[in-house]
Amino acid sequence: MRLRHLLVRTAFVATLALAASAQAGNPVFPGWYADPEAQVFQNQYWIYPTTSVRYGEQTRFDAFSSDDLTHWTKHEGVLRMADVPWAKKAMWAPAMAENGGKYYFFFAANDIQNDKELGGIGVAVADRPEGPYKDLLGHPLVDAFHNRAQPIDPFVFHDDDGSWYLIYGGWKHANMVKLKPDFTGVEPMADGKTWHEITPSPEYVEGPMMFKRNGKYYFMWSEGGWTGPDYSVAYAIGDSPLGPFKRIGKILQQDDKIGTGAGHHSLFHVARDDSWFIVYHRHPLGDTDGNHRNICIDRMTFDADGKIVPVKMTNEGVPAHAL
Ligand code: FUB
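Residues 2 to 324 in the numbering used here are what the sequence shown spells out, letter by letter.
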């Protein structure tokens with residue numbers, strides 16, 4: 002009887018210790034997903050990824066929500082191809098924005114190869130973070146190549162002055178365009194030009210993102226090929242959203258003990274304690290199927306000069322972190 006009591010007590014204490022030190026574990030949720038967009042909506046963490054399967058099967062997006070970065074709830078099919086009349090395949094790389102009480106879901110579809118094909122970057126809208134999202138325009142928002150940038154991989158940047166920008170681009174070119182305040186189109190910037198190329202360096206490939214910290218604009222992007230091991234993330238710092246940007250170096254790349262092809266990321270910034278988390282995809286070690294990508298979260302930090310410290314990828318992930 003005494004032994005049984007001791008065993009039960011030991012198990013209880015072990016459970017408590019595990020709960021106290023609970024890590025998210027990488028990947029943070031099961032399934033082949035890529036290109037994660039990280040957002041805080043309604044005081045919850047949200048991740049909106051690409052479904053990483055064959056192009057013809059990329060016909061819907063799932064989303065994931067969490068209160069603490071470690072327990073994730075799946076929301077299936079928040080945006081479906083059936084609700085985007087012009088989309089036929091390859092629905093990729095969400096970018097999210099909350100604007101005027103509505104939630105906006107930017108995405109790429111159809112993997113267009115030239116201006117004759119229908120597709121590009123679209124936008125859908127919903128009343129809640131979990132959708133259901135419906136196509137806003139009935140046609141793509143960006144439907145052609147400008148400055149040789151393939152219209153994929155959108156990212157929405159909201160500057161302090163209230164301006165909304167769309168940053169996007171594959172095929173080694175990145176563009177920045179100003180969005181109309183209601184996201185129904187794009188408009189010229191102060192210089193009268195609409196399509197501004199901000200490609201930071203010859204290494205740029207795709208997956209752009211931007212944030213502002215201490216008055217500086219950080220521009221980040223992915224390099225290498227996404228199906229292979231050398232996919233990675235690099236960055237630059239500029240004084241304006243349009244740059245100029247000079248590449249500083251890589252901050253996320255493969256680790257032969259953890260995973261390969263780490264890239265196409267986004268960030269959670271927790272304002273209350275100024276902590277930063279990088280959300281990215283990577284391939285499991287030894288897995289050479291390009292679509293086998295998982296979503297992972299690790300810590301991101303800055304040095305005293307504001308430079309990003311190269312990220313140490315982990316299997317443990319991050320501990321619970323309340324907003
Ligand atoms: O998931 C499809 C494509 O893979 C994305 O558009 C690229 O950024 C790459 O991650």
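Ideal Cβ placement from N, Cα and C applies to all residues, glycine included. Note that the coordinates shown come from a computational prediction; the quantities given were computed from them, not determined experimentally.
Close-in-space but distant-in-sequence residues of the same chain around residue i (CB under 6 Å, 5 per side omitted)
{"i": "K181", "result": "E188"}
{"i": "Q59", "result": "T52, A91, M92"}
{"i": "F212", "result": "Y219"}
{"i": "H322", "result": "L70"}
{"i": "P320", "result": "Q24"}
{"i": "A88", "result": "M82, A110"}
{"i": "H197", "result": "M177, L243"}
{"i": "F13", "result": "Confidence at F13 is low in this model, with a pLDDT of 39, below 50, so the placement of that residue should be treated as unreliable; the coordinate-derived value is given next. Closer than 6 Å at the Cβ level, and outside the excluded window around F13, lies no residue."}
{"i": "A98", "result": "Y105, V157"}
Extent of the continuous beta strand (DSSP E) run through residue i
{"i": "A64", "result": "61-67"}
{"i": "L253", "result": "247-253"}
{"i": "I298", "result": "295-301"}
{"i": "I48", "result": "45-52"}
{"i": "R1", "result": "The structure shown does not extend to residue 1, since the chain is modelled only from 2 to 324, so the question has no answer here."}
{"i": "M325", "result": "Only positions 2 to 324 of the chain appear in this structure, which leaves residue 325 out of reach."}
{"i": "Y205", "result": "Looking at the DSSP string, Y205 is not in any beta strand (DSSP E), and its letter there is neither H nor E."}
{"i": "G262", "result": "260-271"}
{"i": "S1", "result": "In this structure the chain extends from 2 to 324, so residue 1 is not present and cannot be described."}
Per-residue burial, residue i [other beta carbons within 10 Å of its own, 16 or more giving buried]
{"i": "E326", "result": "Residue 326 lies beyond the range of the chain shown here (2 to 324); nothing can be said about it."}
{"i": "S241", "result": "exposed"}
{"i": "E317", "result": "exposed"}
{"i": "S22", "result": "Interpretation of S22 is limited by its pLDDT of 46, a score under 50 that renders its predicted location unreliable; the figure taken from the coordinates is listed afterwards. Classification for S22: exposed."}
{"i": "E38", "result": "buried"}
{"i": "E224", "result": "buried"}
{"i": "D162", "result": "exposed"}
{"i": "A35", "result": "buried"}
{"i": "Q151", "result": "buried"}
{"i": "K313", "result": "exposed"}
{"i": "G250", "result": "exposed"}
{"i": "R129", "result": "exposed"}
{"i": "K179", "result": "buried"}
Contact set for residue i: own chain, Cβ-Cβ below 7 Å, skip 5 residues either direction
{"i": "I309", "result": "Y236, I252, M301, F303"}
{"i": "D116", "result": "A145, F146"}
{"i": "S267", "result": "P37, E38, A39, M210, V280"}
8 Å Cβ cutoff met for residue i and residue j
{"i": "V85", "j": "G121", "result": "no"}
{"i": "A91", "j": "Y56", "result": "yes"}
{"i": "V79", "j": "A64", "result": "yes"}
{"i": "G170", "j": "D192", "result": "no"}
{"i": "L142", "j": "G186", "result": "yes"}
{"i": "P230", "j": "T261", "result": "yes"}
{"i": "F62", "j": "P28", "result": "no"}
{"i": "A125", "j": "L137", "result": "yes"}
Interface flag, residue i vs chain C, CB-CB below 8 Å
{"i": "K179", "result": "Going by chain labels, chain C is absent from the structure shown, which holds only one protein chain."}
Beta-carbon contacts of residue i that lie in its chain and below 8 Å, excluding the five residues immediately before and after
{"i": "G307", "result": "R214, N215, K217, I238"}
{"i": "L324", "result": "V41, N44, Q45, Y46, D68, V271, R273"}
{"i": "G74", "result": "Residue 74 is actually Thr in this sequence, not Gly. Excluding positions up to five away in sequence, the list reads F65, S66, S67."}
- Task: Give a yes or no on contact between the stretch 192-204 and the stretch 285-294, applying the rule of three or more CB pairs nearer than 8 Å.
- Result: no
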